[in-house]
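Comments concern the structure below.
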Amino acid sequence: MPLLEIENLTVQYHTLRGAVQAVRGVTLSIERGRALGLVGESGCGKTTLARALINVLARNAAITGGAVRFDGVDLLQLSGGALNDYRWRRIGLVPQAAMDSLDPVYPVGVQLVETMRLRGGLTPAQARERAARLFALVGLEPTRLRLYPHELSGGMKQRVVIAMALALQPKLVIADEPVTALDVIVQHQVLRTMRELQETLSLSLLLITHDISVVADLCDDVAVMYAGRIVETGSVREVFAAPQHPYTMGLRNAFPSLRASSARLVPIEGYPPDLASPPNGCAFAPRCPFAVQRCWGDDPVLMPTGGGRLAACHRAMEADVLRIQAPQAFARLEAIGSQAVEGGAPGGGIP
Amino acid sequence: MSGSERAAALPQWTRAAATWRDALLVTWAVARRDRFALAGLIIYAVLLAVALAAPALAPYNPLDLNYRPDGDVAANEAPSLSHWLGTTNLGRDVFSQVMFGTRVALVVGFVAAFGVVVLGTLVGLVAGYYSGWVDTILMRLADVAFGIPFLPMAIVLVAFLGPSIWNTVLVMTLLLWRDTGRVIRAQVLSLRTRSYVEAARVLGASHVRTMFVHIAPNVLPLSFLYGSLAVGWAILTEASISFLGFGDPNVISWGFMLQDAYNSQAMARHAFYWFVPPGLCIMLAVMAGFFIGRGYEELLFPRLRRR
Amino acid sequence: MSQLLEVTDLRKEYPLQSGMLSAVMGARRVVHAVNGVSFALEEGGSLGLAGESGCGKTTTAKLILRLLRPSGGSIRFAGRDVAGLEGLDLLAYRRQVQFVFQNPYEALNPRFTILRSLLEPLIIHDIGRSLTERVERVAMALDRVHLTPVETFFPKYPHQLSGGQLQRVVIARALLVDPLLLVADEPVSMLDVSIRAGVLNLMRDLSRERKLTTIYISHDLALIRYMCSVAAVMYLGTICEIGPTAEVIEHPRHPYTQALVSAVPDPDPAQPRRPVEIADTVPTPFQLPVGCPFADRCPQVMEVCRRVRPALLPEAAGVHVACHLYPAGTREAH
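Here's what the structure looks like:
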């Protein structure tokens with residue numbers, strides 16, 4: 528049984544423009560001891576999904592359906608103390624921009640000890656001892672416990688935040704954009720520490736990021752999210768080597784690589800749909816060069832495609848052929864220009 | 426579409442943000458959301474109508490003495506059909522005085538508020554944009570204006586310049602710009618670092634153009650907020666100055682009426698018909714200004730709204 | 111070919127106002143944001159300035175754009191010193207050098223329609239004889255950045271457009287004055303991955319069509335590889351390595367460049383990586399070491415590095431390196 532199972536989860540925001548469906552029926556599972564990367568563009572619902580898992584949503588957001596099972600227990604049915612037991616002791620969270628939310632007037636060690644005493648009920652002596660061990664674990668000298676946040680570099684602060692998430696020995700850590708604000712060298716070092724921790728502590732890790740390279744660097748599995756849905760999942764190696772959803776195929780050619788020579792990049796024309804009024808058919812159809820008539824009226828569900836992989840595309844079975852055509856097909860849409868795509872004319876079907 | 430066709434279609438959308446239209450739209454939005462602000466607007470609308478129509482509607486000249494049929498001066502008369510709010514101790518019609526007082530109140534209130542907004546916005550723009558020593562000098566001037574006790578200084582200046590409502594307006598403008606100036610400066614300091622202001626400079630816009638074309642439209646909503654508050658302040662101050670006897674004796678204002686009533690012992694005689702109406706009018710006008718200002722504030726800074 | 115832009119020993123210092131303590135101590139501390147940057151850029155060339163946050167790359171750009179005045183050194187554009195330009199000369203310079211901002215959501219006046227924003231450069235530089243002609247130019251500019259039909263964009267306000275569309279408008283505005291040099295500071299870092307390529311392709315095509323000289327500033331070496339023929343790597347206000355982009359990335363010479371290149375994650379998980387280890391310290395641009403600014407973090411630091419600041423000297427294959435590992439004597443042997 529997987530450690531965490533998300534089943535058909537839906538989350539809505541109530542805004543002035545009406546209900547916005549940020550998460551539209553996500554089904555996903557995280558295996559024990561594996562790292563899953565959740566990638567998607569801004570506004571695709573990945574952060575909302577992560578916050579829904581431990582029920583720390585914004586006030587105008589509500590879970591409208593589905594289940595989140597941790598070790599077989601549905602977290603959405605829990606409340607109060609029982610939920611907190613899961614929230615901090617079994618699931619650790621590294622929130623977005625957490626390193627900027629360290630309190631500037633207390634040494635980082637004090638903040639770490641306080642977290643453990645409040646949430647784990649440890650005695651001060653126990654907490655201090657464990658804090659020193661945690662610091663060593665995340666690659667910081669325990670002497671740095673006495674320093675204030677401004678005396679630490681960004682990478683060190685991020686390590687402190689990771690230590691806080693690990694403080695109560697959780698089985699699962701959710702990290703939301705943990706290295707986005709860091710410079711590339713430090714980013715790499717923090718990622719490697721996370722990888723080592725995940726392996727030595729046999730943690731499960733849910734890494735949320737917009738950066739595919741970070742997932743490639745750190746994760747075993749990947750789930751690609753688009754417009755509130757998972758469109759493709761599988762092992763990192765397989766998904767990136769042979770994507771089955773046109774969106775993933777498009778992303779592969781959409782940004783430059785440092786090592787490969789500079790073949791012309793191919794953007795994905797158009798923009799994600801407005802989730803206040805999601806389309807009837809496949810949300811990616813207006814930007815997809817392979818969309819056929821069926822894609823416009825019939826929303827594809829996430830289906831097994833063999834080898835433990837899943838894809839939400841009517842043409843997933845033709846993926847091997849489409850993948851070869853993808854660079855030219857997306858480039859043709861670029862040439863036609865964004866307008867034709869935005870207009871939503873169902874005419875992009877390329878056999 | 427050809428170039429000339431495009432140009433023909435221009436007027437609809439080429440204007441820089443139509444500031445005045447925006448202001449009206451915002452005011453309308455404020456009134457729709459906030460019943461107090463709507464009440465404020467209605468009060469001003471009524472006062473404006475009364476002020477405009479005063480010469481036509483007022484039954485008497487406010488300065489004329491009225492006589493009884495027997496030839497005596499109709500002094501200290503209680504309200505009656507011929508004198509709705511009674512008469513003063515010199516036999517002048519109170520109702521007509523209240524109506525004409527509206528004109529003074531509105532002229533003083535709006536002209537002073539306009540002066541405050543223009544001067545404060547200008548100082549704030551210049552100080553915030555140039556910073557450095559220009560900022561230091563202007564803000565020390567603001568500190569001086571803050572340090573001066575407002576009413577005594579206003580009275581001294583009016584006494585020095587001579588009692589006239591235009592001097593009153595001038596004095597209020599010179600003393601009240603400080604709040605607007607400070608707030609606009611703070612806003613400009615933050616706007617100045619926005620990319621679009623840097624973009625204007627990269628494009629070659631002069632300092633004056635950057636300030637007035639690119640920054641000013643973005644601070645005007647704040648100026649309007651402070652302007653609407655200044656209207657109330659100005660009306661109140663004018664009333665105080667007149668009540669203390671430093672106003673223009675040839676102009677009937679609400680403050681003058683109160684002074685007149687006070688000096689002739691109207692209160693001791695329980696002549697409520699004389700001193701209550703002008704007092705009530707002052708209160709309504711000042712409240713209306715603050716109601717509108719508060720409505721603006723909630724629209725501009727929604728986070729300040731009560732939880 | 112002639113050099114369009116020559117930057118020589120450029121410096122920018124800021125006085126540091128760090129509150130009570132330094133006021134009491136009486137010490138006047140200075141931040142060296144740019145500390146002796148030199149490079150030359152030929153007409154039609156494209157230079158990438160790479161480096162981590164705080165390395166001085168954005169300050170260098172703002173100095174070139176005359177948004178800041180240098181504390182030392184010189185910037186010569188088409189043979190003229192930029193620092194001394196005033197009045198009409200400065201206006202003429204502004205017409206030749208344009209900027210693409212990092213944050214497209216803030217680069218357009220929120221109270222201006224797109225048309226009004228795009229008319230602004232034409233009004234300032236008095237380009238076009240009539241309003242009709244100016245509108246026609248704006249329409250052509252929007253068409254060039256593929257925002258069509260152009261009329262639908264005229265009346266829009268910035269908040270009604272997406273980030274990618276806004277960045278295209280910003281590019282259109284920069285091109286309206288027909289500049290010779292275009293500086294772009296992280297032009298796609300705020301945009302979503304799927305639309306970055308469109309903006310990058312647009313800028314690449316436009317600069318090739320118009321033989322525009324370009325400077326791209328980015329922390330992303332992959333982007334610089336895609337966009338630029340010459341790459342300069344900056345560290346703490348100085349250039350530590352500059353040369354043909356492919357050479358700098360494939361055969362990095364400076365230890366910092368080596369660390370930077372090896373740390374860039376690759377979207378292909380099959381790609382092997384051999385990262386170079388460097389220490390994670392807090393580099394502060396206000397107490398610069400006497401020697402090499404990178405000495406504290408350098409895995410190959412030598413005794414000389416802490417005493418003598420290395421000069422940017424030519425190495426092999428057109429690359430210049432500022433590092434004592436490549437002393438003048440051994441250069442040819444490499």
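Top to bottom, those sequences are chains V, P and E. All the letters of the first sequence, read from the start, carry residue numbers 528 to 878 under the numbering used here. All the letters of the second sequence, read from the start, carry residue numbers 426 to 732 under the numbering used here. All the letters of the third sequence, read from the start, carry residue numbers 111 to 444 under the numbering used here. Note that CB positions come from ideal geometry on N, CA and C, so glycine has one too.
The continuous alpha helix (DSSP H) containing C822 of chain V extends over residues Q820 to G824.
One thing to note: I717 of chain P has its Cβ within 9 Å of the Cβ of A462 of chain P.
DSSP, reduced to helix, strand and coil, places R190 of chain E within a strand of the structure shown.
Closer than 9 Å to the CB of P354 of chain E there is not a single CB belonging to chain V. Listed along chain E, the residues sitting closer than 8 Å to L785 of chain V by beta-carbon distance are L331, A332, R335, I359, V371, V374 and D376. Nearest to Y774 of chain V by C-alpha distance, out of V:L555, V:A754, V:V547 and V:D612, is V:A754. For F149 of chain E, the three-state secondary structure derived from DSSP is strand. Taking a Cβ-Cβ threshold of 7 Å, the residues of chain E close to R626 of chain P are L177, in chain order. Taken through DSSP and simplified to helix, strand or coil, V371 of chain E comes out as helix. Taking a C-beta cut-off of 9 Å against chain P, the contacting residues of the segment 217–232 of chain E are A217, L218, N219, P220, R221, F222, T223, L225, R226, S227, L229, E230 and P231, listed in chain order. Taking a Cβ-Cβ threshold of 7 Å, none of the residues of chain E is close to R617 of chain P; the smallest such distance is about 12 Å. For G564 of chain V, the CB contacts under 6 Å within the same chain, skipping 5 residues up- and downstream, are L734, V742, C746 and V749 in chain order. A Cβ-Cβ separation of about 7 Å places L695 of chain V in contact with M643 of chain V under the 8 Å criterion. Partner residues in the beta bridge of L120 of chain E, as assigned by DSSP, are E:V147. Within chain E, no residue has its beta carbon less than 8 Å from that of S648 of chain P; the closest one is some 14 Å off. DSSP places D253 of chain E inside the alpha helix (DSSP H), whose first and last residues are L241 to R254.
V559 of chain P is outside the set of residues whose beta carbon lies under 9 Å from a beta carbon in chain E.
Using beta-carbon distances, R634 of chain P counts as an interface residue toward chain E, with a partner under 9 Å.
The segment 610–628 of chain P and the segment 643–662 of chain P touch, with no fewer than 3 CB-CB distances between them shorter than 8 Å. By the CB criterion at 9 Å, V583 of chain P and I707 of chain P fall outside the cutoff. Taking a beta-carbon distance threshold of 9 Å, V303 of chain E counts as an interface residue toward chain V.
Taking the beta carbon of E568 of chain V as reference, the chain E residues within 9 Å of it are D302, V303, S304 and I305, listed in sequence order. At least 9 Å separates the beta-carbon of F571 of chain P from that of V656 of chain P. Judged by beta-carbon spacing, T593 of chain P lies beyond the 9 Å limit of T527 of chain P, meaning their Cβ atoms are not closer than that value.
Between the alpha carbons of L290 of chain E and V207 of chain E lies a gap of roughly 6 Å. Listed along chain E are E230 and I234, each with a C-beta nearer than 8 Å to that of A630 of chain P. Residue pairing from DSSP places M752 of chain V in a beta bridge opposite V:I757. CA-CA distance, T605 of chain P to V622 of chain P, rounds to 22 Å. Rounded to whole angstroms, the separation of the alpha carbons of P800 of chain V and A625 of chain V is 29 Å. Between E861 of chain V and chain E, the shortest Cβ-Cβ separation is below 9 Å. Nearest CB-CB separation between G777 of chain V and chain E: below the 9 Å threshold. A residue is called buried when at least 16 other Cβ atoms come within 10 angstroms of its Cβ; K321 of chain E does not meet this threshold and is exposed.
Secondary structure note for C706 of chain P: it is in no beta strand (DSSP E), and the uninterrupted alpha helix (DSSP H) holding it is F697 to L725.
Unbroken beta strand (DSSP E) runs of no fewer than 3 residues, entirely contained in the segment 674–742 of chain V, are found at 699–703 and 731–736, following chain order. For E861 of chain V, the uninterrupted alpha helix (DSSP H) run begins and ends at A846 to I863, by DSSP. Under the three-pair Cβ rule at 8 Å, the segment 257–268 of chain E does not count as touching the segment 191–204 of chain E.
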